[in-house]
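One structure is given here, and the rest of the page talks about it.
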Amino acid sequence: MTSGTDRPVRWDADTAVEELYAAHYRRLVRLSVLLVRDVETAEEVVQDAFVAMHGRWRRLREPDLALAYLRQAVVNRSRSVLRHRGVRARHADAERTVVRDLPGADEAALVTERRGTLLDALRTLPDRQREVLALRYYLDLSESEIASTLGISRGAVKSHASRGVAALRTLMEDDS
Amino acid sequence: MNAHDDDRLRTLFDDAVSDVEPRGGLDRIQARTATRTRRPWVWGAGGAVLATAATVAAVAMLTSGPGTTDAGPGPAPATQPSKPAQTSATEPPGGTPVTVSVYYAGDTTRGTRLFKETHQVAMDNPALAAARLAVEGAASDPDYRTLWPQGTQVTAVSFDGIGDQGTATVALAGEGLTAKPAGTGHGSLALQQLAYTVQDALGVRARLELSVDGTPADTVLGQPVSQGVETQSADDVQSPVQIDSPADGATVDRTFTVTGRAAAFEANVQWELMQGDTAVEQGFTTAAECCTLSPFSFEVTAPGPGDYTLVVHDEDASGGEGSGPVKDTKRVTVR
Chain A
648 MTSGTDRPVR
658 WDADTAVEEL
668 YAAHYRRLVR
678 LSVLLVRDVE
688 TAEEVVQDAF
698 VAMHGRWRRL
708 REPDLALAYL
718 RQAVVNRSRS
728 VLRHRGVRAR
738 HADAERTVVR
748 DLPGADEAAL
758 VTERRGTLLD
768 ALRTLPDRQR
778 EVLALRYYLD
788 LSESEIASTL
798 GISRGAVKSH
808 ASRGVAALRT
818 LMEDDS
Chain B
6 MNAHDDDRLR
16 TLFDDAVSDV
26 EPRGGLDRIQ
36 ARTATRTRRP
46 WVWGAGGAVL
56 ATAATVAAVA
66 MLTSGPGTTD
76 AGPGPAPATQ
86 PSKPAQTSAT
96 EPPGGTPVTV
106 SVYYAGDTTR
116 GTRLFKETHQ
126 VAMDNPALAA
136 ARLAVEGAAS
146 DPDYRTLWPQ
156 GTQVTAVSFD
166 GIGDQGTATV
176 ALAGEGLTAK
186 PAGTGHGSLA
196 LQQLAYTVQD
206 ALGVRARLEL
216 SVDGTPADTV
226 LGQPVSQGVE
236 TQSADDVQSP
246 VQIDSPADGA
256 TVDRTFTVTG
266 RAAAFEANVQ
276 WELMQGDTAV
286 EQGFTTAAEC
296 CTLSPFSFEV
306 TAPGPGDYTL
316 VVHDEDASGG
326 EGSGPVKDTK
336 RVTVR
């Protein structure tokens, strides 16, 4: 199996971490923020995923497979963190981090509120709906990519997506 | 939903996190994936009297070297055990690998428990490699994780004494290793994760002595360790349902054998082969003994090639009153 791929990349595990970090770290952290909201937690989740990917590189060996593994690990770990850590207690920090780079204070407050509304709305959805929506609308994954990332059927992806979109629409309209 | 809605949602999602700029974590990741030991282990003269089969492997593992946890070709080990442990059918570039059991934490309806996962490591230092995999959390199954703080390093593993009466010494390095981990509160289970992994790799139920940054430790993760660390009963700390094989992500024949361990009411173990949300095959088996972790094995025949998720679980004996069955899942591809 070690030489089973037609086009093995010559990266070793350390290079794989560097290359994939450069290309995908920020996007994966943002994905995790959509799921757990808190930036610091999201960074920990993604770092864990990279360490896990490093340990598994011998079996992955392909950047595409490694990225799929990273996505899956980030989604699973985000879900696990939400359930088992006091993430809610850290929301105050998250708000601060989110606004820190914005220009004028008034403008910042408005923008933060709008962004906060989506993140708040996402937090009220069931895990699967939130995950399907984030993978679909943030990462732009296809139905079958989402299905394999979450280990569910395409039919389930469809139904989570349509329920999630309907719920989001209601929530966003109520809040604005 | 229409294309306009989709575009609007894309913009909304992009926008919601567009100003999240991670502080960066490459250094932290690399610190955790570093394979070089800080202080090479020096084997004491007293070790020469060791005589059991298990200690043969222990001698080999004491030559601490790089390249034990990554795919890079490692140097040929200076000493080799006369009887290699189980080897795999494939030979990665690091030389003949050995199979080790690595324990990770996973969530069950009975709280966080340990799960065993099989890994292949280079032969020159299996106990050190296994301990590193456990502590760093490099699990194949994305449902598993480590309970150790990030950045924790295992710098050496040594063994002294005879069999179960011996002592395994594990040298740790990292920040915040003394205090109880914030948030999780799993200090005791983290020690069990390490103890089970090291004992399995050494093949002995030996007590662990821990050192942190070169000094013998009194407290690790908020737990007293000056008297050493013993493994607790598997029924108390391990998941009552575990699939040992196939591994997560494995490619299997249409008919494949599942092995694992369960501590189940009346020894009953149930399974389903899922395709998406649908169970395409299901059945049950019994573990060798009731109510304590004991082996089970059964055969599954998939309807055809494709991707499936194998779910093995116990029965919910509480009749719906309890928290639900304990399960373990593995994704498999049927060729």
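So the sequence lines, in the order shown, correspond to chains A and B. Taking the numbering used here, the leading residue of the first sequence gets 648, the next gets one more, and so forth. Taking the numbering used here, the leading residue of the second sequence gets 6, the next gets one more, and so forth. All C-beta atoms, glycine included, are put in the ideal place defined by N, C-alpha and C.
Endpoints, beta strand (DSSP E) assigned at residue i
| i | result |
| --- | --- |
| Val664/A | From DSSP, Val664/A is part of no beta strand (DSSP E) but of the alpha helix (DSSP H) over 660-683. |
| Thr291/B | 283-291 |
| Gln158/B | 158-165 |
| Leu315/B | 311-319 |
| Arg336/B | 332-339 |
| Thr16/B | Where Thr16/B is concerned, there is no enclosing beta strand (DSSP E), although the alpha helix (DSSP H) it sits in stretches over 8-21. |
| Leu786/A | No beta strand (DSSP E) holds Leu786/A; DSSP gives it neither H nor E. |
| Thr172/B | 172-178 |
| Pro300/B | 299-306 |
Within chain A, partners of residue i - CB distance below 9 Å
| i | result |
| --- | --- |
| Ser145/B | Ala699, Gly702, Arg703, Arg706 |
Cutoff 8 Å: residue i Cβ touching any chain B Cβ
| i | result |
| --- | --- |
| Asp685/A | no |
| Ala720/A | yes |
| Asp711/A | no |
| Ser725/A | no |
| Ala803/A | yes |
| Leu766/A | yes |
| Arg673/A | yes |
| Arg777/A | no |
| Asp774/A | no |
| Leu667/A | no |
Chain-ordered chain B contacts of residue i [CB-CB under 9 Å]
| i | result |
| --- | --- |
| Ala781/A | Phe18 |
| Leu714/A | Simply none; closest approach about 14 Å. |
| Leu797/A | Within chain B, no residue comes near Leu797/A; the closest Cβ sits about 10 Å away, beyond 9 Å. |
Test: residue i CB closer than 8 Å to a CB of chain A
| i | result |
| --- | --- |
| Gly142/B | yes |
| Pro97/B | Only weak support exists for where Pro97/B lies, its pLDDT of 42 falling under 50; the coordinates are left without a value. |
| Thr372/B | In this structure chain B extends from 6 to 340, so residue 372/B is not present and cannot be described. |
| Pro131/B | no |
| Leu14/B | yes |
| Leu226/B | no |
| Asp205/B | no |
| Asp148/B | yes |
| Val331/B | no |
| Arg336/B | yes |
| Asp258/B | no |
| Asp249/B | no |
| Leu138/B | yes |
| Asp319/B | no |
| Pro80/B | Residue placement at Pro80/B is flagged as unreliable, the pLDDT there being 34, under the threshold of 50; the coordinate-derived value follows with that caveat. No, Pro80/B lies away from the interface with chain A (no Cβ there is under 8 Å from its Cβ). |
Cβ shell of residue i (< 7 Å), same chain only, five flanking positions each side left out
| i | result |
| --- | --- |
| Glu271/B | Cys295 |
| Ala794/A | Ser800, Arg801, Val804 |
| Val337/B | Pro251, Ala255, Val257, Tyr313, Leu315 |
| Ser244/B | Gly111, Thr113, Arg118, Leu119, Phe120, Val331, Asp333 |
Range of the contiguous alpha helix (DSSP H) that encloses residue i
| i | result |
| --- | --- |
| Asn703/A | Residue identity check: residue 703/A is Arg in the sequence provided, not Asn. 686-707 is the span of the alpha helix (DSSP H), which, as asked, contains Arg703/A. |
| Val779/A | 774-780 |
| Glu792/A | 790-797 |
| Thr38/B | 31-38 |
Residues near residue i in its chain [Cβ-Cβ closer than 6 Å; skip 5 each side]
| i | result |
| --- | --- |
| Pro308/B | Val285 |
| Asp148/B | Gly111 |
| Gln287/B | Glu277 |
| Glu235/B | Arg212 |
| Thr424/B | Nothing about residue 424/B can be reported from this structure: the residues present for chain B run from 6 to 340 only. |
| Thr297/B | Asp240, Ala268 |
Neighbourhood of residue i by C-beta, 8 Å cutoff - its chain only, sequence neighbours within 5 removed
| i | result |
| --- | --- |
| Pro229/B | Asp223 |
| Ala720/A | Asp695, Ala696, Ala699, Met700 |
| Glu304/B | Thr260, Phe261, Thr262, Val263 |
| Ser216/B | Thr174, Val175, Ala176, Leu177, Ala222 |
| Arg770/A | Arg684, Arg777 |
| Arg726/A | Leu682, Asp774, Glu778 |
Chain B contact residues for residue i, given Cβ-Cβ distances below 8 Å
| i | result |
| --- | --- |
| Gln694/A | Gly30, Arg33, Ile34, Arg37, Gln155 |
| Glu691/A | Gln155 |
| Ser800/A | Gln280, Gly281, Asp282, Thr283 |
| Leu681/A | Phe18, Ala21, Val22 |
Under 7 Å from the C-beta of residue i: neighbouring residues of chain B
| i | result |
| --- | --- |
| Ser791/A | Going along chain B, no residue has its Cβ under 7 Å from Ser791/A, so there is no contact; the nearest lies around 10 Å. |
| Arg677/A | Val22, Val25 |
Cβ-heavy atom distance, residue i to the ligand MN, below 7 Å
| i | result |
| --- | --- |
| Tyr149/B | What this structure holds is no ligand at all, so the ligand MN is not there to describe. |
Neighbour list for residue i in chain A, Cβ cutoff strictly below 7 Å
| i | result |
| --- | --- |
| Asp253/B | Under the 7 Å cutoff, chain A gives no residues; its nearest Cβ is about 10 Å from Asp253/B. |
Could you tell me which uninterrupted alpha helix (DSSP H) segments, each at least 4 residues in length, are contained entirely in the region 193-275 of chain B, listed from first to last along the chain?
239-242
What are the start and end residues of each continuous beta strand (DSSP E) run of 3 or more residues lying completely inside the region 100-153 of chain B, in chain order?
102-113, 116-127
Relative to chain E, which residues along the region 157-187 of chain B have a C-beta separation below 8 Å, given in chain order?
In the structure shown, chain E cannot be found, because the protein chains are A and B.
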